[in-house]
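What follows is a single structure, written as structure tokens, with notes after it.
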Amino acid sequence: MSGAASAQPKVPKDAAYELFQQGVALAEARDCPRAIPLFHKSQETYPARGTLYNLALCEKEIGRVASAWRHFNELLPQLEPSDPRLPTTKQELTALEPRLPKLVIELAQGAPAPEELRLDRTALPQGSVGAELPVDPGDHVIVARWEDGRQKETRVSLGEGARENVRLDPPPAAAAPPPPPPATAVSTAPQAPPSPPPDTASAPSSSGRRTLAFVVGGVGAAALGGSLLMGGLALGTKGDLEEECPTPSQCSDRGMSLRSRGQTLTTSSTVLGALGLAGIGAGVVLLLTAPEQGTSVALAPAILPGGGGALLHSHF
0 MSGAASAQPK
10 VPKDAAYELF
20 QQGVALAEAR
30 DCPRAIPLFH
40 KSQETYPARG
50 TLYNLALCEK
60 EIGRVASAWR
70 HFNELLPQLE
80 PSDPRLPTTK
90 QELTALEPRL
100 PKLVIELAQG
110 APAPEELRLD
120 RTALPQGSVG
130 AELPVDPGDH
140 VIVARWEDGR
150 QKETRVSLGE
160 GARENVRLDP
170 PPAAAAPPPP
180 PPATAVSTAP
190 QAPPSPPPDT
200 ASAPSSSGRR
210 TLAFVVGGVG
220 AAALGGSLLM
230 GGLALGTKGD
240 LEEECPTPSQ
250 CSDRGMSLRS
260 RGQTLTTSST
270 VLGALGLAGI
280 GAGVVLLLTA
290 PEQGTSVALA
300 PAILPGGGGA
310 LLHSHF
């Protein structure tokens, strides 16, 4: 029977008392940082005036004056007049009062009240705005959230007896994205492909083509003039050759020289004549196929010094 009873779970009061005893042992050893969590857990499991009293004493011991002051205030109405802890509790409250750091949270002028307000992860009621809040000395974080999703975090540090005002001003709202541009109608009709740019590099310009025509025609005219000159000289040589060589079998040395010269002149005249005609023809073709720009060209025979030739006339 005793073995079965010891195996049953402890009742909250017994569990709380065991935690309380462990906390007292640590507090008597001046190890309040480890004793405070045990007192808290014991008080949550089974509230007791003794646990609350020792918790407040331990908190005062390590400088958590606001927490100790709050727990002493919570204990005060629970103590009977005959309780020996009552005078000590009143004395502690009086001594802690001037040491309390005070934090005042205010709203900026015209700012809306936050939907949620937290101090060190502890939710604060809306009535906390504008009131003096006792806090323990040290660093604190205030987080305010507004209904439209905006949030602001403020950090503050206070020492014993200090008073700090924190003004809540919501951050500016994010700018709304610009509206999308209106949809434009898309034409389904087939469109002609763009025409390719003119190939200006493949064909010479009009002025360049005319210049080339005049150059080629001029060379041809010069060659034709040379051909006429050579022909005239060949005819003169032929007359002298007939006097020196009446018959092929009767020909002097000078006649032989005149015969060779005549053949050379005749060949040169023929070649130059062919080149001249070809050059003139090519120049005329280039000139006639070039774009018109008010230019006229005329080819006319002419008698030149020492022979005949052809003149190329052009008018711009």
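With numbering that gives the first Met the number 0 applied, the sequence shown has no gaps in its numbers, which climb one by one up to 315 at the end. Note that the Cβ used here is the ideal one computed from N, Cα and C, for glycine as well.
{"Asked": "Rounded separation between E131 and P100 - CA only", "Found": "9 Å"}
{"Asked": "Same chain only: Cβ atoms within 7 Å of K12, ignoring 5 sequence neighbours per side", "Found": "Y45"}
{"Asked": "Close Cβ partners of A143 (< 6 Å) along its chain, the five nearest in sequence each way excluded", "Found": "P113, L116, K151 and L167"}
{"Asked": "DSSP three-state assignment for D138, whether helix, strand or coil", "Found": "strand"}
{"Asked": "Inter-residue CB distance, L276 and L223 (contact presumed, cutoff 8 Å)", "Found": "6 Å"}
{"Asked": "Rounded straight-line distance, which links the Cα of L75 to that of T88", "Found": "7 Å"}
{"Asked": "Residue interval of the alpha helix (DSSP H) (run including L116)", "Found": "Looking at the DSSP string, L116 is not in any alpha helix (DSSP H); the run it does join, the beta strand (DSSP E), is E115 to L118."}
{"Asked": "Distance between beta carbons of M229 and S259, contact taken as under 8 Å", "Found": "The pair is not a contact, with the Cβ atoms about 15 Å apart (cut-off 8 Å)."}
{"Asked": "Assigned secondary structure, I104 (DSSP; H/G/I helix, E/B strand, else coil)", "Found": "strand"}
{"Asked": "Buried or exposed (CB count within 10 angstroms, at least 16 for buried), R120", "Found": "exposed"}
{"Asked": "V64 classed as buried or exposed, judged by whether at least 16 other C-beta atoms fall within 10 angstroms", "Found": "buried"}
{"Asked": "Minimum C-alpha distance to L232 - residue among A281, L264 and L56", "Found": "L264"}
{"Asked": "Same chain, Cβ closer than 7 Å to Q77, five either side skipped, listed in chain order", "Found": "R48"}
{"Asked": "Residue from P180, G148, L102 and P171 whose Cα sits closest to the Cα of L158", "Found": "Reading off the sequence shown, one finds Gly at residue 158, where the question assumed Leu. Minimum Cα distance to G158 is reached at L102."}
{"Asked": "Of the residues L287, D147, P86 and P178, the one placed nearest N72, counting alpha carbons only", "Found": "P86"}
{"Asked": "Presumed contact (8 Å Cβ cut-off) between A14 and G22, rounded CB distance", "Found": "Incorrect: roughly 13 Å between the Cβ atoms, too far for contact."}
{"Asked": "E163 (DSSP reduced to helix, strand or coil)", "Found": "strand"}
{"Asked": "Other residues of its chain near G62: CB distance less than 7 Å, five sequence neighbours each side excluded", "Found": "P136"}
{"Asked": "Residue(s) in a DSSP beta bridge with T153", "Found": "I141"}
{"Asked": "Length of the line joining the Cα atoms of Q274 and G216", "Found": "The sequence given here places Leu at residue 274; Gln does not occur at that position. Rounded to the nearest angstrom, the two C-alpha atoms are 11 Å apart."}
{"Asked": "Euclidean distance between Cα positions of S201 and G261", "Found": "Low local confidence applies: a pLDDT of 44 at S201 is under 50, so the model's placement there is unreliable, and no value is given."}
{"Asked": "Neighbourhood of E17 by C-beta distance below 7 Å, restricted to the same chain and skipping five residues each side", "Found": "none"}
{"Asked": "Spatial distance of P57 from R149 (CA atoms)", "Found": "In the sequence as displayed, the identity of residue 57 is Cys instead of Pro. C-alpha separation (whole angstroms): 40 Å."}
{"Asked": "G225 classed as buried or exposed, judged by whether at least 16 other C-beta atoms fall within 10 angstroms", "Found": "buried"}
{"Asked": "Same chain, Cβ closer than 6 Å to L54, neighbours up to 5 away in sequence not counted", "Found": "F38 and H70"}
{"Asked": "Reduced DSSP category for L78 - H, G, I as helix; E, B as strand; rest coil", "Found": "coil"}
{"Asked": "Nearest-angstrom Cβ-Cβ length linking R162 and D138, presumed shorter than 8 Å", "Found": "Their Cβ separation, rounded to whole angstroms, is 16 Å, which puts R162 and D138 out of contact at 8 Å."}
{"Asked": "Distance, W68 Cα to E96 Cα", "Found": "8 Å"}
{"Asked": "As assigned by DSSP and simplified to three states, the class of P97", "Found": "helix"}
{"Asked": "Contacts around K40, its chain only, beta-carbon distance under 6 Å, and the 5 residues preceding and following it disregarded", "Found": "L18"}
{"Asked": "Whole-angstrom C-beta distance between E91 and K59, which should lie under 8 Å", "Found": "7 Å"}
{"Asked": "Member of P83, A94 and W145 whose CA lies at the smallest distance from the CA of L106", "Found": "W145"}
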